[in-house]
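Chemist: Let me give you the structure first, and then I'll get to my questions.
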Amino acid sequence: MNVTEALATRMSCRAFLPTPVPESTVRAILDAARQAPSGGNLQPWHVHALAGAPLAELVARVKAAMPAHPRGEPPEYDIYPPELWEPYRSRRYKCGEDLYATIGVKREDKFGRLLQFARNFEFFGAPVGLFFCLDRRMGPPQWSDLGMYMQSVMLLAREHGLHTCAQEAWSAWHGTVGGFLGLPQELLLFSGMALGWRDESAPINRLRTDRASLAEIATLRGF
Ligand SMILES: Cc1cc2nc3c(=O)[nH]c(=O)nc-3n(C[C@H](O)[C@H](O)[C@H](O)COP(=O)(O)O)c2cc1C
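Be aware that the sequence shown starts at -19, since it is given in the numbering used here, and climbs by one per residue.
Here is the structure:
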């Protein structure tokens, strides 16, 4: 598989088979992703990988905490700016609508949407859960570095035949996750990521999101 194929076949997988991923594969992916670039070569990323009993225990802890705190814990960062503007607002809206349409959940079915959203906190059934953290004193450039590490993980996963779903949703449970992982106070939980084998029969995995055209996002001169 080349980079173009890895990019073209990566998608956010939201239903996985329970088939385990060998530790050696997870290590190989996280290890190779270290080659991601970062400003000043700070390499500001920290990653935790869970499988088996620890993964099940964390999922159970979050599930137990959910009824008392349906919205999770007070956020440490805004996932989106408070009032999204165009064209981003419409893109976000369409992404949500298209996602729920794959599983036949209507806009007014708040409970159905909530149920699907809660699947985030089971890593959509994936056998591996990853958590990506960075020092909370870091700024936007280092957050982008962390994103590059994450994208490297997602592309390498494709090379191993695996799929992923990045999950900012996990930031809503930063206290519970941080306590479970023993994160030092200075580390901020940015995102989770599900990793595993795609359930090819799951309707939710049929979603293919679109992209703005090159003309909308790129300006080329002098060629
Ligand atoms: C940093 C990051 C966090 C994300 N968090 C979530 C999440 O919490 N739950 C989810 O279902 N999808 C999440 N996504 C997936 C995006 O919705 C998805 O990447 C986008 O709609 C484009 O679709 P695609 O990944 O299938 O190409 C996240 C993606 C990124 C890059």
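For every residue, glycine included, the Cβ atom is placed at its ideal position computed from N, Cα and C.
None of these values were measured; they are calculated from a predicted model.
#1: Would the beta-carbon of Phe171 be found less than 8 Å away from any heavy atom of ligand 1?
#2: Relative to the C-alpha of Leu168, which candidate in Trp153, Glu180, Phe(-4) has its C-alpha closest?
#3: Flag this pair as touching only if the region 21 to 34 and the region 108 to 117 have three or more C-beta atom pairs under 8 Å; answer yes or no.
#4: Mapping DSSP to helix, strand and coil, what is His143?
#5: Distance, Cα to Cα, Leu95 vs Arg178?
#6: What are the partner residues of Asp115, as DSSP defines its beta bridges?
#7: Which residues mark the beginning and the end of the beta strand (DSSP E) in which Val27 is found?
#8: For Ser124, name the three-state secondary structure that DSSP assigns.
#9: Gly119 and Gln147: beta carbons closer than 9 Å?
#10: Tell me which same chain residues have a C-beta within less than 8 Å of the C-beta of Asp78, skipping the five on either side of it?
#11: Give me the residue from Thr82, Val6, Tyr80, Ala98 with the minimum Cα distance to His47.
#12: Looking at Gly109: is its Cβ nearer than 9 Å to the Cβ of Ala40?
#13: Ordered along the chain, which non-local residues of its own chain (more than five positions away) have a Cβ less than 7 Å from that of Ile9?
#14: Would you mind giving the Cβ-Cβ distance between Asn185 and Ala(-5), rounded to the nearest angstrom? I have them listed as a contact below 8 Å.
#15: I'd like to confirm the pairing. Which residues does DSSP put opposite Ser(-8) in its beta bridges?
#16: Take Val256 as the anchor and find which of Glu63, Glu56, Asp125 has the nearest alpha-carbon.
#17: State the DSSP-derived secondary structure class of Val108, mapped to helix, strand or coil.
#18: Excluding the 5 residues flanking Tyr129 on each side, which residues of the same chain have their C-beta closer than 6 Å to its C-beta?
#19: Reducing DSSP to helix, strand and coil, say where Leu187 ends up.
#20: Pick out every residue whose C-beta is nearer than 6 Å to a heavy atom of ligand 1: which are they, in chain order?
Modeler: According to the structure shown:
#1: One detail in the question is off: residue 171 reads as Ser in this sequence, not Phe. True, at least one ligand heavy atom lies under 8 Å from that Cβ.
#2: If we check each option's Cα against that of Leu168, Trp153 comes out closest.
#3: As far as the Cβ criterion goes, the region 21 to 34 touches the region 108 to 117, which means the pair count is three or higher.
#4: The DSSP-derived three-state label of His143 is strand.
#5: Distance between the alpha carbons of Leu95 and Arg178: 20 Å.
#6: In the DSSP output, where bridge partners are listed per residue, Asp115 has Leu167.
#7: Counting along the chain, the beta strand (DSSP E) containing Val27 begins and ends at 26 to 31.
#8: Ser124 falls in the helix class under three-state DSSP.
#9: The answer is no: Cβ separation not under 9 Å.
#10: So the list reads Leu187, Thr189, once near-sequence residues are dropped.
#11: First, the amino acid is wrong: residue 47 is Pro here, not His. It is Ala98.
#12: Taking 9 Å as the Cβ cut-off, Gly109 and Ala40 do not qualify as a contacting pair.
#13: Contacts found: Val133, Leu136, Ala137, His140.
#14: Between Ala(-5) and Asn185 the Cβ distance is about 5 Å, and since that is below 8 Å, they are a contact.
#15: In DSSP, Ser(-8) forms a bridge with Thr144.
#16: Summary: the structure shown does not reach residue 256, with the chain confined to residues -19 through 203, and so no result is reported for it.
#17: The three-state reading of DSSP puts Val108 in strand, counting E and B together.
#18: Only Ala13, Ala16, Trp25 meet the Cβ criterion.
#19: In the three-state scheme derived from DSSP, where H, G and I count as helix and E and B as strand, Leu187 is classed as coil.
#20: So the residues near ligand 1 by this Cβ test are Met(-9), Ser(-8), Arg(-6), Cys75, Asn100, Cys145, Ala146, Gln147, Glu148, Ala149, Ser171, Thr189.
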